[in-house]
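> Below you will find the structure I want to go over with you.
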Amino acid sequence: MPRTLLLTLDAFGTLFHPRLPIPDQYAATAHSFGLTVSPSSLKSAFKESFKAQSILRPNYGRADVLRGEYAGPRQWWEEVIRASFARAIPSLREDEIPNPLVEGLIHRFASREGYVLFDDARLFFHRMRLLRETTAVRVYVGVLSNSDDRVASVLDSLGVKVNKGGDDYRHDYRDVDFVLTSYEAGEEKPHRLIFDTARSIAQKIALHSSPSADWTCLHVGDDREKDYEGALRAGWTSYHLQRDQDGHPEDIQTTKNSTVHSLLDVLDKTHLS
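Heads up: the sequence shown runs through residues 1 to 273, numbered per the UniProt record's numbering.
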C-alpha cells in the first residue's frame, strides 16, 4: 500500500441515506402541523423546487453570500422547503407555511432523525478504527460532499467520530479527519478545486504527525460523474460505488475494475483489510 493514503468518501448515498424517503418525512412533519399533503405530490414538488433553486443560487448561494446579498445554506433550504409545500398545496402561499415546520425539517435532516448509516459504512469505519489503533499505517480519511455544513453533525449523530479541528491531530480515535463541503471549498464536485482543497487539508493535518511527500489520493462515491469522473480528472484514483448493481451495462463494463459494490471492497482493493 502507499506510504500515505488520503481516502475521501462522498456522504449522501455513500455513507448514509434517508431513514425514510424524504417526501414521506416531509409529509409526516406537515401532518403534525395540520397540513394534509401526500408524499407523492411532495416528491415531484421537492424535485422541481430543488432543481429551480440549484439553478437560481448554485452551491447554496455562495456567490451571493460573498456579495453580502444572501444568508447561505440555511436560507437556501428554507426557500426550497417553502417552495416545495407551496407547489404541493396550491392553496397555500409560501409565507403561510409555519415557521416551526420549516425549522423542524432543517433540524431533522441535521441528525439521525432524518438519516441512517449504511451497514457497510458502519463496518468500514469499525475496521478502519482497528487498523489505525493496531498498526502504523498512515491513512487520512475525509468526507467530500456537495451537501451543506450539516454533514458533520449528521455523521456525529450516527456514531461516526469526526475530527473537530484544533491543534491536536495526533489523537487516533477518530473515524473522519475532516469534512469538506462544496460550500466551504467554493465549487461543487466534479470541479477539481474541491479535490485539490481536500488534499491541501490532509497535508496540513499530516504535518502534525507524519509529514510525507509520498501521497496517494483515492475518492469513493456513488455518483459516476461527480465522484468517479471528477476525481479522475483531478488526478486521483477513484472507485464508483454501485450498491444496487443496477448501472447500465456499458457503464459497468467501462469501469469494471474501478467499481465497488460495498465500502468493504475498498479496503480489499487498497490492501487495507
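By construction, the Cβ of each residue, glycine as well, lies at the ideal position given by its N, Cα and C atoms.
Mark R57 as exposed unless 16 or more other C-beta atoms lie within 10 angstroms of its C-beta, in which case mark it buried.
When all chains shown are included, R57 counts as buried.
> Starting from Y228 and walking both ways along the beta strand (DSSP E), at which residues does that stretch end?
Counting along the chain, Y228 falls outside any beta strand (DSSP E), and DSSP gives it neither H nor E.
> Helix, strand or coil for T259? Go by DSSP, reduced to three states.
It is a strand residue.
> In this structure, how does DSSP classify H219 when only helix, strand and coil are distinguished?
Correct three-state label for H219: strand.
> What residue range does the alpha helix (DSSP H) around P90 cover?
That residue, P90, is in no alpha helix (DSSP H); it is neither H nor E in DSSP.
> Going by DSSP, what residue range makes up the alpha helix (DSSP H) through L193?
R192 to A206
> Could you work out which residue in R199, E79, E133 and R108 is closest to E48 when comparing CA atoms only?
E79
> So, helix, strand or coil for residue 281, using DSSP?
The requested residue 281 does not occur in the structure, where the chain is confined to residues 1 to 273.
> Taking C-beta to C-beta, are N194 and L144 nearer than 8 Å?
Just to set this straight, residue 194 is Ile in the shown sequence, not Asn. In this structure, L144 lies closer than 8 Å to I194 by Cβ.
> Please report the Cβ distance between D10 and D177, rounded to the nearest whole angstrom; I am assuming they are in contact, meaning their Cβ atoms lie under 8 Å.
Wrong, their Cβ atoms sit about 16 Å apart, outside the cutoff.
> In terms of alpha-carbon separation, which member of R127, D95 and D149 lies closest to A110?
D149
> Taking all protein chains shown into account, do 16 or more other C-beta atoms lie within 10 angstroms of the C-beta of S238, making it buried, or fewer, making it exposed?
S238 is buried by the Cβ-count criterion.
> I'd like to confirm the pairing. Which residues does DSSP put opposite V179 in its beta bridges?
Paired residues: V143.
> Among K226, A198 and D227, whose alpha-carbon lies nearest the alpha-carbon of T216?
A198
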